[in-house]
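S.K.: Residue numbers (the working numbering), protein chains in the order written: chain A, 2 to 386; chain B, 8 to 187.
(1) Closest to residue 308 of chain A by CA distance: which of A:75, A:37, A:107, A:261 is it?
(2) Output yes if chain A places a C-beta closer than 8 Å to the C-beta of residue 66 of chain B; else output no.
(3) Would you report the Cα separation of residue 303 of chain A and residue 349 of chain A, rounded to the nearest angstrom?
(4) For the beta strand (DSSP E) that contains residue 3 of chain A, what are its first and last residues?
(5) Could you pull the start and end residues of the beta strand (DSSP E) that residue 14 of chain B belongs to?
(6) When DSSP labels each residue in this structure, what does residue 135 of chain B get in the three-state scheme?
(7) Can you list the residues of chain A that residue 39 of chain B reaches, using a CB-CB cut of under 9 Å?
(8) Give a yes or no on whether 8 Å exceeds the smallest Cβ distance from residue 111 of chain B to chain A.
(9) List the residues that DSSP assigns as beta-bridge partners of residue 433 of chain A.
(10) Taking a contact to mean a Cβ-Cβ separation below 8 Å, would you say residue 78 of chain B touches residue 110 of chain B in this structure?
(11) With which residues is residue 53 of chain B paired in a DSSP beta bridge?
(12) Which residues does DSSP pair with residue 166 of chain A in a beta bridge?
(13) How many whole angstroms separate the CB atoms of residue 319 of chain A and residue 329 of chain A, which I take to be in contact at a CB cut-off of 8 Å?
(14) If the criterion is Cβ atoms closer than 8 Å, does the pair residue 51 of chain B and residue 75 of chain B meet it?
(15) Identify whether residue 108 of chain B lies in helix, strand or coil by the three-state DSSP scheme.
(16) How about residue 146 of chain A and residue 16 of chain A: do their beta carbons lie closer than 8 Å?
(17) Quick check on residue 274 of chain A - is its C-beta less than 8 Å from some C-beta in chain B?
(18) Kindly indicate if chain B contains any beta-carbon less than 8 Å away from that of residue 47 of chain A.
(19) Applying the 10 Å Cβ sphere with the 16-neighbour rule, what's the burial state of residue 338 of chain A?
(20) Counting only Cβ pairs nearer than 7 Å, list the residues of chain B close to residue 357 of chain A.
(21) Taking contact to mean 3 or more Cβ pairs, one atom from each stretch, closer than 8 Å, check whether the segment 158-175 of chain A and the segment 95-107 of chain A are in contact.
(22) Pull up the DSSP beta-bridge partners for residue 77 of chain A, would you.
(23) Within the continuous alpha helix (DSSP H) that includes residue 177 of chain A, where are the two ends?
(24) Can the beta-carbon of residue 345 of chain A be found less than 8 Å from the beta-carbon of residue 331 of chain A?
(25) With H, G and I counted as helix, E and B as strand and the rest as coil, what does DSSP make of residue 298 of chain A?
(26) At the 8 Å Cβ level, is residue 166 of chain A part of the contact set with chain B, yes or no?
(27) At what residues does the alpha helix (DSSP H) containing residue 176 of chain B begin and finish?
(28) Tell me the residue span of the beta strand (DSSP E) that contains residue 117 of chain B.
(29) Taking beta-carbon pairs under 7 Å, can you tell me which members of the segment 88-109 of chain B lie near chain A?
(30) From the DSSP output, which residues share a beta bridge with residue 79 of chain B?
(31) Suppose you measure from the CA of residue 11 of chain B to the CA of residue 21 of chain B; what does that come to, to the nearest Å?
(32) Pull up the distance between the alpha-carbon of residue 125 of chain B and that of residue 132 of chain B, whole angstroms please.
(33) Is the beta carbon of residue 362 of chain A closer than 8 Å to that of residue 278 of chain A?
(34) Report yes if the CB atom of residue 179 of chain B is closer than 8 Å to the CB atom of residue 149 of chain B, and no otherwise.
(35) Using C-beta distances below 8 Å, list every residue in its chain close to residue 3 of chain A, excluding the 5 sequence neighbours before and after it, in chain order.
(36) Excluding five sequence neighbours on each side, which residues of the same chain lie with their C-beta closer than 8 Å to the C-beta of residue 161 of chain A?
Here it is in structure tokens:
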């Protein structure tokens, strides 16, 4: 049944229904409402979790790492500079194969200080070994947490996962969301069964020393698990779709792309605005479509190749910039389409919360059709002089 | 789709107003989306909040530039902020003011002025006008029912506080209905 609520609360309720045993987080805008709501749920015993208050994000994720090693399902949430402070622990979680699930309420990186949205934070952890899923709306943000736990804890994967959704644009927006019931959540997400765990009766060690004769094999194993997740995410998404009727069966989602000449590629909440813009452009006779990336890690290379096979031009909307190169999504798309005749153009857009309107999407499409791209969209004119 | 933009100052409850209007619209069977234009909020600084109403799922995420309705919580904002910017022809502006306004209002726009501050002071005992103006919005726009607003207030505020806010909203609702 649909209810109207703030995005942060929809996510917090879903996380509660995932039944984490340990939650550790440090409040930071715009993630705060999620962890406040979870702290309330723990305090009033509506969820049976231990909430560890910590003095920093580094400690938050370290506590999660330890609790996961002890065999608990764990949860954290952060954004921007908070995620940056977790950098070291992020690599350790992935390397020790702990299926921590963390919400990333996407926000720009300082300096200059910005509390507003882009996706530079999670994109900057691209190579850390965490799965990365991106939500278009609050329904998807809530639902992806169940799927993330299913995939992360699957013994064929055993990797930590980010569920990414845009700060303020989703986290602080009230809109209708259909929440799972406790029974539904339990039937979809069984209790966590650790593959290994710390046990005094059967001692093992995690994250020890690897000399040059073994280190590469550990990295290979993580990469193999990531590649395995390419089929496990759709498997878990398909089962969710069959049980609850909302379709998460793909690593990507195509919108009006079948006969498109120009395809937009994007991730996150901007996809909603893009869909509305596409409807208007379609009404005006333009053959435009969208390929939304739900998974960025693992990167859905084959799905991208298949979905974009028929288009002549791809306009990638990147809410991030790999400074000195291009947007991270465009780099992936160019790599996936290497050897094809498809033109891929990159548009760095909406950094630090700059608003994107339907007419901006139409301008991007017109630029792409004219072959003009690989640029920062909508810059103040004085910087171009 | 119809769109509402609320102009206020930090501390006047513009974001809460947007949320509760969306709740009331949703309970009335519509899809609704409410969100703030987050700045670095300081008490008294100009703020905006937005609501969209539609008969189907709302996907658009941009801010609202061409609203069907505006609510202005504080008429002194009009000096500093172009609150009428983009307001559609035939659109409705609800402005809280104690005295008659002499501004050149845009043509083709219905302007409703109401002394919400006096109502709020008398009924609530504090000059917080958001709930009063929501009653005026219900009457002027027809997007939300006053009963749905009452339910939304009772879910957000407790006991006597909810009832006082309902009384303030109802007084504004009657004022606008009688004036039109």
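Where is the CB? At the ideal position from N, CA and C, for every residue including glycine.
Treat the numbers as computed from the prediction; the structure is a model and nothing was measured.
M.R.: From the atom records:
(1) A:261
(2) yes
(3) 24 Å
(4) 3-7
(5) 9-16
(6) coil
(7) 5, 175, 176, 177
(8) no
(9) Residue 433 of chain A lies beyond the range of chain A shown here (2 to 386); nothing can be said about it.
(10) no
(11) B:16
(12) A:106
(13) 7 Å
(14) no
(15) coil
(16) yes
(17) yes
(18) no
(19) buried
(20) 69
(21) yes
(22) A:103
(23) Careful: residue 177 of chain A lies outside any alpha helix (DSSP H), inside the beta strand (DSSP E) at 175-179.
(24) yes
(25) strand
(26) no
(27) 166-186
(28) 117-121
(29) none
(30) B:14, B:102
(31) 12 Å
(32) 9 Å
(33) yes
(34) no
(35) 177, 178, 179
(36) 91, 94, 95, 99, 100, 101, 102, 103, 130, 131, 132, 153
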